[in-house]
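Since the structure comes first, as structure tokens, the remarks are kept for the end.
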Amino acid sequence: MTRVKSIPAADSGALPPDLELKKAPTQPRAVETYERILGACAELLGEVGIERLSTNLICQRAGISPPALYQYFPNKYAILHELGTRLMQVQNELLAPWAVPATMRLPEAEFARSVAELFLGTLALTEQMPAGVWVTRALRAVPSLQHVRNGSHDFVTDMLLAPFMEAHPQADRAQARLSFRLAIDALYAAQELLFDDPSLDPQAVARTMAEMVTAQLMRLRGPA
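For the sequence shown, this note's numbering assigns the number 38 to the initial residue and increments by one for each residue that follows.
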């Protein structure tokens with residue numbers, strides 16, 4: 038099993054790192070350099086891990102000088118921040134077609150199947166993204182990046198809550214929001230467990246998690 042330790046917010050441990058881009062690339066050559074930095078960082082994450090990753094290693098892999106990197110990113114955490122933001126956005130795009138009132142009205146068995154399929158689709162998408170598994174770990178392990186994950190989960194909660202309440206206006210809105218927020222965190226935790234323990238059956242994990250989430254939401258719906 039791969040263990041990921043929580044690491045300090047900054048290399049010095051004194052202040053949280055600056056995550057803001059210094060500037061966004063506009064010219065084609067600048068965009069190419071910017072993407073090479075992100076690609077190099079993604080490659081190295083899987084090879085050396087979060088703690089050993091450094092801007093010097095990224096520059097060497099990308100074939101650029103440190104000043105070229107520092108035009109855009111102040112440190113390695115800002116690069117990880119951009120990778121994490123992109124991963125969350127792609128995952129959310131996968132979710133959007135599912136988050137509609139028609140889905141929320143599905144019978145219990147069909148709804149559970151759809152949740153399991155969505156879980157497996159998100160799992161596959163994350164594994165296919167450059168360093169998707171390691172970026173997921175970084176969003177959990179690095180304190181200064183956890184707001185990316187939490188912000189995305191809050192966004193998804195509201196994305197799911199709106200169609201659910203449209204489909205079931207009699208449901209307790211506050212309880213529904215809490216249930217969705219907890220379900221999202223639980224599903225991501227299950228996804229990370231699969232990354233850490235390849236002996237587990239993804240289909241079985243997806244089915245079990247889907248049944249758990251569905252049972253809670255069916256109670257919120259009330260009598261059919």
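Heads up, the beta-carbon is just placed ideally off N, CA and C, and yes, glycines get one too.
DSSP places residue 63 in the coil class of the three-state scheme, outside both helix and strand. Taking 4 residues as the minimum length, the alpha helix (DSSP H) runs contained wholly in the stretch 69-144 are 92-99, 103-107, 113-132, 138-141, in order along the chain. Residue environment for residue 137: exposed (fewer than 16 other C-beta atoms within 10 angstroms of its C-beta).
Here DSSP, grouped into helix, strand and coil, assigns residue 207 to coil.
Approximately 6 Å separates the beta-carbon atoms of residue 178 and residue 87; this is inside 8 Å, confirming the contact. In this chain, the alpha helix (DSSP H) harbouring residue 248 covers 239-258. The DSSP assignment places complete alpha helix (DSSP H) segments of no fewer than 4 residues inside the stretch 144-217 at 145-165, 169-178, 183-204, in order along the chain. Counting only residues of its own chain and dropping the five nearest sequence neighbours on each side, residue 125 has a CB closer than 6 Å to the CB of 189. With a cutoff of 9 Å on beta-carbon distance, residue 230 and residue 219 are scored as not near each other.
For the options 127, 55, 146, the alpha carbon positioned closest to that of residue 166 is the one of 127.
Under the three-pair Cβ rule at 8 Å, the stretch 150-167 does not count as touching the stretch 56-68. Residue burial annotation: residue 89 is exposed, with fewer than 16 other C-beta atoms found within 10 angstroms of its C-beta.
The beta carbon of residue 181 lies closer than 6 Å to those of 46, 53, 54, 114 in the same chain, with the five residues before and after it left out. Residue 205 is not a Cβ neighbour of residue 211, given a cutoff of 9 Å. Residue state for residue 57 is assigned as coil, using DSSP reduced to three classes. Non-local beta-carbon contacts of residue 79 in its own chain, meaning distances under 7 Å to residues more than five positions away in sequence, involve 120, 167, 168 in chain order.
Setting aside the 5 residues that flank it on each side, residue 83 is surrounded in the same chain by 168, 171, each with a C-beta closer than 6 Å to its C-beta; the list follows chain order.
The beta carbons of residue 257 and residue 208 sit about 5 Å from each other, so the pair counts as a contact at 8 Å. With respect to residue 131, residue 158 sits close: the two C-beta atoms are nearer than 9 Å. Comparing alpha-carbon positions, the option among 239, 107, 56 lying closest to residue 67 turns out to be 107. Between residue 254 and residue 201, the CB-CB gap stays under 9 Å. In this structure, the alpha-carbon of residue 134 lies about 32 Å from that of residue 65.
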